[in-house]
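As structure tokens, the structure follows; a few thoughts come after it.
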Amino acid sequence: MIEISSDVIRGYNDTIILFILLDEPSYGYDISKKIRALSEDKYIIKETTLYSAFTRMEKNGYVESYSQSAENGKKRTYYKITELGKKYYEEKCQEWHLTKEVVEHFIRGEQ
Amino acid sequence: METIKNYLETMFANLPNTLEVKKAKDELYSMMEDKFTELIGEGKPENEAIAIVISEFGNLDEISESLGINNVVSEMETTDRRLISQNECDNYIADSARRRFFNSLGILLCIFSPIGPIIFGSIGNAVGIDAIELIGVILLFICIAAGISLFMIASFLMRDWKFLDKELCTISYSTAEYLAREKEDSQSYKLVLRTLGIVLCSISFLPVIILDTILGSSFSIITEGFAPALIFIGAGIGVFFIMFSGAKDAAFDKLLSLNDTTTVAGNYEPVKKVKKEYVSRAAEILMKDYWKTVLAIYLILSFTSFNWGSTWLIWPIAGILRKPLTEIFLKK
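Note that the protein sequences, when read in sequence, are chains A and B. Counted from 1, the first sequence has number 10 at position 10 by full-length UniProt numbering; the numbering is strictly sequential. Counted from 1, the second sequence has number 175 at position 175 by full-length UniProt numbering; the numbering is strictly sequential.
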């Protein structure tokens, strides 16, 4: 089975995470679970990848973090998308359309 | 879950102990914990859950940027600290216990040393030949010489471990945890020996009082010779037990304090507790060579006053004073 290459997807980790956060604020494991579910188990994001994305995006002002206790009393860091984050997400979507279009030209499909 | 925690601690062990690193560790742990709990909830066996969590953890190098470190991996490779394995730790503890045994035996002989002059002095008095007391004095010197030889053997035993003070060394998280657990386990054994020692010291006076009351002054060889000698035998063995009881503790503490407190591993709870820093260099020298200093004071006082009957009290007093003195000289 072909696995997804982390080199290729790296540039879109932020986009994927921001997409999850569009609906509602969320925390680490919940985000990774949603990514896995939405990608139909084809992409399992590593914890370190997730964490580095969080800190990078927080530094750039795309997300904000706050801590909140869950029902079982466990304290978790929640992330919330900012206006700047939404704008960045839109840009990345457009960038992807372009990238996809360009790369598509060079793929010999077996459709 | 313990395995996952150990894994994470080991991964982070050599990283600097900064706020960013701690935050990253906590955050990653929280995610791993969530994942683990869910996998177990799905009915996965624990081993499988652990394997999944660890395999999906990723690479620490990836978060180096957010930790404010250029490269985690190269950082780890350039640490020139010598890693002490669990096996080496066990050997070190065994050697330390052996050293403490010889040291304690040396002190025991030093405390026993006045027995010669006391017994032979009283025999000399009883039979009216003073020269007999000389045998006692010779015995005293033999005891002290043997005691000092034992101190020398003890320091010789530790020659292979000198590097612990000279080189920068480190122990892994799991070794630290193993040592902390072993130390905990050895506490009851320590307490028994220590109590036995204190009891022996306290009752060492009894024979002389009892025999004196029963016999009066009619048997001077017993009341002035053998009975006082029993004080030294009791006190000697008592002090030996007290000294030896802490043998392993000192070794555990030494190993646990190896890790640099600026790293995550050095910040591990039992390590923090045993890291000793003294207020001044003089205080450090005094406390590190505590028993040698006490021996010097004991010998000087004994030979100048020739009051062997009471100078041995220096040993239990020194034993009691050690803790408060350490408290005073340690940096808070």
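We put the beta carbon where it would ideally sit given N, CA and C, even for glycine. Source: prediction; values computed, not measured.
Beta-carbon contacts of residue i that lie in its chain and below 8 Å, excluding the five residues immediately before and after
i	result
residue 76 (chain A)	27, 28, 67, 68, 69, 70
residue 66 (chain B)	20, 24
residue 53 (chain B)	4, 32, 35, 36, 39
residue 72 (chain A)	none
residue 298 (chain B)	110, 311, 312, 314, 315
For residue j and residue i, believed in contact at Cβ under 8 Å, the rounded distance
i	j	result
residue 256 (chain B)	residue 176 (chain B)	6 Å
residue 118 (chain B)	residue 225 (chain B)	6 Å
residue 113 (chain B)	residue 221 (chain B)	No, residue 113 (chain B) and residue 221 (chain B) are not in contact; Cβ-Cβ is about 20 Å, not under 8 Å.
residue 334 (chain B)	residue 32 (chain A)	The question about residue 334 (chain B) has no answer here: the residues shown for chain B are numbered 1 through 332.
residue 58 (chain B)	residue 55 (chain A)	Actually they are not in contact, since the Cβ atoms of residue 58 (chain B) and residue 55 (chain A) sit about 14 Å apart, beyond 8 Å.
residue 99 (chain B)	residue 169 (chain B)	In fact, because the Cβ distance is near 18 Å, the residues do not count as touching under 8 Å.
residue 51 (chain B)	residue 102 (chain B)	Contact doesn't hold; Cβ gap of about 48 Å is too wide.
Range of the contiguous alpha helix (DSSP H) that encloses residue i
i	result
residue 56 (chain B)	First-last for residue 56 (chain B): undefined, no H or E at that position.
residue 48 (chain A)	47 to 60
residue 64 (chain A)	Note, residue 64 (chain A): premise wrong, no alpha helix (DSSP H); beta strand (DSSP E) at 63 to 69.
residue 12 (chain B)	2 to 12
residue 84 (chain B)	Premise fails: residue 84 (chain B) is in no alpha helix (DSSP H) and is neither H nor E.
residue 131 (chain B)	Unbroken run through residue 131 (chain B): none, as it is neither H nor E.
residue 216 (chain B)	Segment: none, residue 216 (chain B) is in no alpha helix (DSSP H) and carries neither H nor E.
residue 240 (chain B)	227 to 245
residue 293 (chain B)	290 to 305
residue 175 (chain B)	173 to 185
residue 21 (chain B)	19 to 41
residue 65 (chain B)	64 to 67
residue 331 (chain B)	Here residue 331 (chain B) belongs to no alpha helix (DSSP H), and DSSP marks it neither H nor E.
Assigned exposure category for residue i - 16 Cβ within 10 Å defines buried
i	result
residue 238 (chain B)	buried
residue 181 (chain B)	exposed
residue 201 (chain B)	buried
residue 74 (chain B)	The predicted position of residue 74 (chain B) is uncertain, since its pLDDT is 45 and thus under 50; a value taken from the coordinates is nonetheless stated next. Exposed, because fewer than 16 other Cβ atoms sit within 10 Å of the Cβ of residue 74 (chain B).
residue 87 (chain B)	exposed
residue 96 (chain A)	exposed
residue 14 (chain A)	buried
residue 108 (chain A)	exposed
residue 156 (chain B)	exposed
residue 28 (chain B)	buried
residue 46 (chain B)	exposed
residue 296 (chain B)	exposed
residue 136 (chain B)	buried
residue 254 (chain B)	buried
residue 213 (chain B)	exposed
residue 235 (chain B)	buried
residue 259 (chain B)	buried
residue 215 (chain B)	exposed
residue 98 (chain A)	exposed
Within 8 Å, strictly: CB atoms of residue i and residue j
i	j	result
residue 287 (chain B)	residue 104 (chain B)	no
residue 116 (chain B)	residue 150 (chain B)	no
residue 63 (chain A)	residue 43 (chain A)	no
residue 89 (chain B)	residue 179 (chain B)	yes
residue 158 (chain B)	residue 95 (chain B)	yes
residue 325 (chain B)	residue 245 (chain B)	no
residue 173 (chain B)	residue 9 (chain B)	yes
residue 211 (chain B)	residue 229 (chain B)	no
residue 84 (chain B)	residue 171 (chain B)	yes
Neighbourhood of residue i by C-beta, 7 Å cutoff - its chain only, sequence neighbours within 5 removed
i	result
residue 183 (chain B)	249, 252
residue 231 (chain B)	204, 205, 208
residue 61 (chain A)	82, 84
residue 331 (chain B)	277, 278, 279
residue 318 (chain B)	294
residue 126 (chain B)	220, 221
Unbroken beta strand (DSSP E) run spanning residue i, endpoints
i	result
residue 103 (chain A)	Looking at the DSSP string, residue 103 (chain A) is not in any beta strand (DSSP E); the run it does join, the alpha helix (DSSP H), is 83 to 104.
Cut-off 6 Å between Cβ atoms - residues of its own chain near residue i, not counting five sequence neighbours on either side
i	result
residue 78 (chain B)	Residue confidence is low: residue 78 (chain B) scores 47 on pLDDT, short of 50, so the model does not pin down where it sits. Its coordinate-derived value is still stated next. The answer is none, since no qualifying residue turns up.
residue 109 (chain B)	143, 146, 147
residue 10 (chain A)	none
residue 11 (chain B)	60
residue 130 (chain B)	124
residue 291 (chain B)	none
residue 197 (chain B)	238, 241, 242
residue 45 (chain A)	32, 35
residue 89 (chain A)	18
residue 5 (chain A)	none
residue 186 (chain B)	248
residue 3 (chain A)	none
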